[in-house]
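**Student:** Chains as they are written, first to last, in our numbering: chain L, 1 to 656; chain D, 1001 to 1155. All residues carry an ideal CB built from backbone N, CA and C; glycine is no exception. The structure that follows is given in the form of C-alpha cells.
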C-alpha cells in the first residue's frame, strides 16, 4: 500500500508541476496577478509531494519491501542500512527520482528567497522550473517507475552493485546533481529574461549567486566522484575521460565560462546575449549528460541497461528543451541585447578569450564523447576515441587559459593599461622560472613536472601579487569583498590543482608485482613487504585481506590492509588500501592469488606511489570554496529598494 | 575602410583562423586516437589488418584462462560465435574477469596472438557493452549471409 502512495504522490506532483509550469507564465504574459501568484504555492506543493515520494522510496528500502521491483533489484537483507539508503539512487529509476527531488530543493529555495524580485519575473522563473519538473516526473511515471510491484514477492533481493558500496557513494550523486540541476535555475532565469524581453542587467545580478552555488556544488560533486573512482575502482586513476565523467565535466566547463560571463554582463552590461546563450548551453549539457549515461546509449561503467522507450522519450525531451530555448533565443535576443563595447585591452576581452577557450574545450569533450554515435551514423564501424585525444586537446586549450589567468584581476574593466600588467608578469615569471629550476633537481628532469611547477607558480604568484596589492592599496574592510575573495581563492585552487595533476601524472610509479608472503618489492623509496593473506568478513561480504608492511630505510612506517571482497551474490570487488599524505599517497591493491587453490601463497599485487595526488582534489575544493564565497557577495542580497539605489550608483547605470 | 570596419574585419579573420586551427587539431587528434572494436571472427577475416592497435571484444572462453606461476603473464582465448583469438596479457586482470565474461582488450596482433595492454570487463555480469553486442550481432549477421552465399553457390 505504501509504495502506491509514493506513486500517487508523484502523480499529484506532476499535476502541480503542470499548474506551476503553465499558469504563472500565462499570468506573466497577460499581466494577471492572480495567476502569477500560483507559482509559489504550486512550487511548494510540488516539493512536498516529491519529497514525500522520495521518503517513501527510502522507507521501502529501509523496511526491505522486496515487493517493489526496484528495491528487490538493488538491495538485500544483508545490506547495511546506510547502503540501503544510497541504493535508492544506485540505479536508473531512483537516480531520476533523486534528480526531481533536487530540482524541487532548488525550486523551493528559489520560491522562498525571491521575495525581493519583481513578481512577473519570479512567476516566469518558477514556471520554467515547473515545466522542467513536468518533463522529468512524466519520464519517471511513464518509463522508469521506481514503485513498480513485483509479484510474487521474492524472499530476498538482489544486490547493490558492490562498486557503489562505498562511503563516497552516499555523497557523490546528490552533490553532483545539486550542481547539474542547479544550472536549471540559471537556465530558468535566462528564459524568463528572454520571455520578459527585459534584457537589462538586473536579472543577471539575481542569477549570479544561484549560478555560483550550482557551479560550486558541481565542482564538489566532480571532486567527490574523482576521489571515489580513485579509492574504489582499484586502478589508482583519478580521471578516465569516461563518458559519464565527461557528462559532468562539460556543464562544468561551460559553467566556468558562464560565471565569468555573468560577471561581465552584470557589472559592465557587455556580452548579454552570450551570457544567455551560455546558460542555455550549460543546462542543455546537464540534461544531455544525465540522459546520455543513464540511457545506455554510450558504453560506460555507469550506464544502466537501456529501454528503447526511454531513449525515445529522452530524445524528444532534449529536442524540446534545447530546440525550444534556442528558438526563443533566436527570436528574442537580437531585439533586446546590445552589449556595451569595450577596448581590446580590458578585462572584458580577457574574460571573453577565456570563455572561448572553455566553451571550445566543452565542445571538444562533447565531440569525443559522442564520437561512437557519430561513427555509427557515418558507418565508420565501432569506433571510440581514447583518453589521449582528450588529454592532448585539453592541455592545448587550457595552456593559454593558465597563461592568461593571473592577468585577470589586473585588467581594468572597459580599458586597461599595460604598465601594471608587465610588472606583474615580470614578477610572476621570475618566481615561476626560479621555482621550475629548483623543482628540476627534485623531479629528475621530468619535463611535465617542471612545466607543472612553473605553471602553478605563475598562477599562484600572480594571484598572490594581487592579494598583496589590494592589501596595500585599499582601506581595511574594503580589501576583499566576498566576490573578489571567491575569485582569488578559486584561482589559487587552479594553482594547487596544476601542481597535483602535473606532479602526480609525471612522477607516479605504478607496478604490478608477484609477491610471496615474506618477500618485498620497492618503489618510490619505500619497501612493501607482503605478510600474507587472512580471511575476514563484513555484513554482506567475505574477503581475503592482505597485510602489507611499508618500510622506509628498514624502519616500518605503516601497515596496510588491501582486500579482495566477495559479496553475497558472488561479485568480486577490490578494496584498495591507501596511506594518504599531503605530499604522497601509497596505494596497494590485491590482484589475485597466483594459484587459485593456494590463497595463502603468492599474490599479484598492484603498488603505487603517487606524489601530490591529493592536491588535485584540494585544488578542486578551493575552486568550490571560491564559488560559494562569490555567491555570498553582499551586493547580491540587496533588497528591492536597496537594489534600485545600488544600480543607480553603479558606473554603468542599467536603468538609464 | 574606416577604423571600426577594420577592427571588425580583424576580429572576423582571427576567429576564422582560430576555427581552422581548432578543426585541424581536432581532426589530427581524432585520427591518431580512434580505436576500432573488432570481434575475433572479424579479425580472422582480416578486417583489422590495417590497424596497428585496436580493441578486441568477445567472451572469455570457458576453461581457457592460463596463468604462469612465477610471472604475471596470463593467456586466455576470446571467442565470439564463430571465431577464437588467443590473448596474452601481463598484469592484474579486472575483478570481473572470468570464464564466459564479456571483455574488451586493447592491444595489437603479434604472430597470430593478440597482445593486450589493457583488459576491461564490464562491472555488471548481466550486462554486455552495447557496442560489443552490436559488433557480435554484426559478425553473426555477416556470417549468415556468407553461409547462405556458399549454400547458394553450392546449389
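1) Three or more C-beta pairs closer than 8 Å, one from the stretch 176–185 of chain L and one from the stretch 215–226 of chain L: is that the case here?
2) Indicate the three-state DSSP secondary structure (helix, strand or coil) for residue 563 of chain L in the structure shown.
3) Taking Cβ positions only, does residue 19 of chain L come closer than 8 Å to chain D?
4) Given residue 1047 of chain D, which residues of its chain have a CB within under 8 Å of its CB, disregarding the five upstream and five downstream residues?
5) Would you list the residues sitting across from residue 332 of chain L in a DSSP beta bridge?
6) Counting only Cβ pairs nearer than 7 Å, list the residues of chain L close to residue 1029 of chain D.
7) By Cβ distance, which residues of its chain are closer than 6 Å to residue 45 of chain L, with the 5 residues on each side in sequence left out?
8) Looking at the structure shown, is residue 414 of chain L part of a helix, part of a strand, or coil, going by DSSP?
9) With a cut-off of 8 Å, does the C-beta of residue 36 of chain L fall near any C-beta of chain D?
10) If we ignore side chains and look at the alpha-carbon of each, how far apart do residue 219 of chain L and residue 625 of chain L end up?
11) What residue from L:636, L:610, L:59 has the CA that sits closest to residue 443 of chain L's CA?
12) Going along chain D in order, which residues have a C-beta closer than 9 Å to the C-beta of residue 396 of chain L?
13) Do residue 172 of chain L and residue 221 of chain L have their CB atoms nearer than 8 Å?
14) Can you round the beta-carbon distance between residue 204 of chain L and residue 275 of chain L to whole angstroms, since I take them to be within the 8 Å contact cut?
15) Quick one: which chain D residues come within Cβ less than 8 Å of residue 572 of chain L?
16) In chain order, what residues of the same chain have a beta carbon less than 6 Å from the beta carbon of residue 628 of chain L, not counting five sequence neighbours either side?
17) In chain D, what lies closer than 8 Å to residue 156 of chain L by C-beta?
18) Chain D partners of residue 383 of chain L, CB-CB under 8 Å?
19) Within 10 angstroms of the Cβ of residue 1112 of chain D, are there 16 or more other Cβ atoms? Answer buried if so, exposed if not.
20) For residue 6 of chain L, which of helix, strand or coil comes out of DSSP?
21) Touch check for the stretch 429–437 of chain L and the stretch 362–380 of chain L: three-plus C-beta pairs under 8 Å?
22) What does the alpha-carbon distance come out to for the pair residue 57 of chain L and residue 505 of chain L?
23) Using a Cβ-Cβ cut-off of less than 9 Å, give me the residues of the stretch 1048–1067 of chain D that come near chain L, in sequence order.
24) Once you ignore the five residues that flank residue 317 of chain L on each side, which residues in its own chain have a CB closer than 8 Å to its CB?
25) According to DSSP, what are the bridge partners of residue 1109 of chain D?
26) Classify residue 1073 of chain D as buried or exposed, calling it buried when 16 or more other Cβ atoms lie within 10 Å of its own Cβ.
27) In angstroms with no decimal places, state the Cα-to-Cα distance between residue 563 of chain L and residue 545 of chain L.
28) Quick one: Cα of residue 41 of chain L to Cα of residue 52 of chain L, how far?
29) Pick helix, strand or coil for residue 1048 of chain D, following the three-state DSSP scheme.
30) Residues in the stretch 1007–1020 of chain D with C-beta within 7 Å of chain L's C-beta atoms, listed in sequence order?
31) By the 10 Å Cβ neighbour count, where 16 or more other Cβ atoms means buried, how is residue 1028 of chain D classified, buried or exposed?
32) Does DSSP put residue 1127 of chain D in a helix, in a strand, or in coil?
33) Return the CA-CA distance between residue 661 of chain L and residue 122 of chain L, expressed in angstroms with no decimal places.
34) Does residue 542 of chain L have its Cβ less than 8 Å from a Cβ in chain D?
35) Which residue wins for smallest C-alpha separation from residue 96 of chain L, given the options L:415, L:64, L:509, L:178?
36) The stretch 594–610 of chain L: which residues have C-beta closer than 7 Å to a C-beta of chain D, in chain order?
**Tutor:** Concretely, from the data shown:
1) yes
2) Locating residue 563 of chain L in the first chain gives position 563, counting from the first residue. Here residue 563 of chain L sits in strand by DSSP.
3) In the first chain, residue 19 of chain L corresponds to position 19, counting from 1. Taking Cβ atoms only, chain D never reaches closer than 8 Å to residue 19 of chain L, which makes this a no.
4) On the second chain, position 47 is the one that residue 1047 of chain D refers to. Excluding sequence neighbours, residue 1047 of chain D sits near 1038.
5) Here residue 332 of chain L refers to the residue found at position 332 of the first chain. None, per the DSSP bridge assignment.
6) Numbered from 1 along the second chain, position 29 holds the residue referred to as residue 1029 of chain D. Those are 389, 392, 393, listed as they occur along chain L.
7) Position 45 of the first chain, counting from 1, holds the residue named residue 45 of chain L. The residues are 16.
8) For the purposes of this step, residue 414 of chain L is taken as the residue at position 414 of the first chain. Reduced to three states, the DSSP call for residue 414 of chain L is coil.
9) If you number the first chain from 1, residue 36 of chain L lands on position 36. Not an interface residue.
10) Within the first chain, numbered from 1, the residue matching residue 219 of chain L stands at position 219. Within the first chain, numbered from 1, the residue matching residue 625 of chain L stands at position 625. Their Cα atoms are separated by approximately 9 Å.
11) Within the first chain, residue 443 of chain L is the residue found at index 443, counting from 1. Of the candidates L:636, L:610, L:59, the one whose C-alpha sits nearest the C-alpha of residue 443 of chain L is L:610.
12) Counting from 1 along the first chain, the entry for residue 396 of chain L is found at position 396. By Cβ distance, chain D contributes 1025, 1029.
13) By 1-based counting over the first chain, the position of residue 172 of chain L is 172. By 1-based counting over the first chain, the position of residue 221 of chain L is 221. Yes, these two residues count as a Cβ contact at 8 Å.
14) In the first chain, counting from the first residue as 1, residue 204 of chain L sits at position 204. In the first chain, counting from the first residue as 1, residue 275 of chain L sits at position 275. Indeed they touch by this definition, with Cβ atoms about 6 Å apart.
15) Your numbering for residue 572 of chain L matches position 572 in the first chain. Result: 1095, 1096.
16) By 1-based counting over the first chain, the position of residue 628 of chain L is 628. So the qualifying residues of the chain are 216.
17) Position 156 of the first chain, counting from 1, holds the residue named residue 156 of chain L. Chain D residues near residue 156 of chain L: none, gap ~18 Å exceeds 8 Å.
18) Taking the first residue of the first chain as position 1, residue 383 of chain L is located at position 383. Chain D residues near residue 383 of chain L: 1034, 1035, 1036, 1037.
19) The residue given as residue 1112 of chain D occupies position 112 in the second chain. So residue 1112 of chain D counts as exposed.
20) Taking the first chain and counting its residues from 1, one reaches residue 6 of chain L at position 6. It is helical.
21) no
22) In the first chain, the residue the question calls residue 57 of chain L occupies position 57. In the first chain, the residue the question calls residue 505 of chain L occupies position 505. Between residue 57 of chain L and residue 505 of chain L, the C-alpha separation is close to 42 Å.
23) 1055, 1057, 1067
24) As a position in the first chain, residue 317 of chain L is number 317, starting the count at 1. Same-chain partners within the cutoff: 135, 139, 287, 291.
25) Here residue 1109 of chain D refers to the residue found at position 109 when the second chain is read from its first residue. DSSP lists D:1114 as partners of residue 1109 of chain D.
26) Start at 1 with the first residue of the second chain, and residue 1073 of chain D comes out as number 73. So residue 1073 of chain D counts as exposed.
27) In the first chain, counting from the first residue as 1, residue 563 of chain L sits at position 563. In the first chain, counting from the first residue as 1, residue 545 of chain L sits at position 545. So the alpha carbons of these two residues sit roughly 4 Å apart.
28) Position 41 of the first chain, counted from the first residue, corresponds to residue 41 of chain L. Position 52 of the first chain, counted from the first residue, corresponds to residue 52 of chain L. About 16 Å.
29) As a working mapping, residue 1048 of chain D is identified with position 48 in the second chain. Here residue 1048 of chain D sits in coil by DSSP.
30) none
31) Numbered from 1 along the second chain, position 28 holds the residue referred to as residue 1028 of chain D. Answer is exposed; the Cβ neighbour count stays below 16.
32) As a working mapping, residue 1127 of chain D is identified with position 127 in the second chain. Reliability fails at residue 1127 of chain D, whose pLDDT of 48 lies under 50, so the model's placement of it is uncertain and no value is given.
33) Since the displayed chain L opens at 1 and closes at 656, residue 661 of chain L lies outside it and no answer follows.
34) The count along the first chain starts at 1 and reaches residue 542 of chain L at position 542. No, residue 542 of chain L lies away from the interface with chain D (no Cβ there is under 8 Å from its Cβ).
35) Counting from one through the first chain, the residue named residue 96 of chain L turns up at place 96. For residue 96 of chain L, the nearest C-alpha among the options comes from L:178.
36) 594, 595, 604, 606
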